[in-house]
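Novice:
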Amino acid sequence: QNAKRARELQKTMDAQQKRLQSVTEPFKGLSREQMTEILMMAQRFKQQNQEKEKQQRIEREKQRQTRSRGMGGMER
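Using the UniProt record's numbering, you'd call the opening residue of the sequence shown number 1 and step up by one each time.
1. My understanding is that Phe-27 touches Met-35, with C-beta atoms under 8 Å, so please give their C-beta distance in whole angstroms.
2. If I follow the unbroken alpha helix (DSSP H) through Gln-47, where does it start and stop?
3. Between the alpha carbons of Ala-3 and Gln-17, how many angstroms are there, rounded?
4. Taking the alpha helix (DSSP H) that Glu-21 belongs to, which residues open and close that run?
5. Where residue 141 and Gln-48 are concerned, what is the direct C-alpha to C-alpha distance, given to the nearest angstrom?
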């Protein structure tokens, strides 16, 4: 039982290590300054995406309110 569990854990660890390596590979060889710049860009993209999602939610809510008013205030 313990040997089977150990094999499963080793298999999981190997898969995680392979996945981590594939994610970090494109960044190898970059300077610290370049990494900092990439991380800052990623943060800006994340903020832009969050703002876009927020605007889309607001727009959907406006459309929902407009449709509900068009039906005499009755919900479907």
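Glycine included, every Cβ here is placed at the ideal spot set by N, Cα and C.
Here the structure is a predicted model, which is why all the values come from computation and not from measurement.
Specialist: On the basis of the coordinates in this document:
1. Your numbering for residue 27 matches position 27 in the sequence shown. Your numbering for residue 35 matches position 35 in the sequence shown. That belief holds up - the Cβ atoms of Phe-27 and Met-35 are roughly 7 Å apart, short of 8 Å.
2. If you number the sequence shown from 1, residue 47 lands on position 47. 32 to 70 is the span of the alpha helix (DSSP H), which, as asked, contains Gln-47.
3. Counting from one through the sequence shown, the residue named residue 3 turns up at place 3. Counting from one through the sequence shown, the residue named residue 17 turns up at place 17. Straight-line Cα distance between these residues: approximately 21 Å.
4. Along the sequence shown, one-based indexing puts residue 21 at 21. The residue you asked about is not Glu; residue 21 is Gln in the sequence shown. Per DSSP, Gln-21 belongs to the alpha helix (DSSP H) from 2 to 24.
5. Residue coverage of the chain in this structure runs from 1 to 76, which leaves residue 141 outside it and unanswerable.
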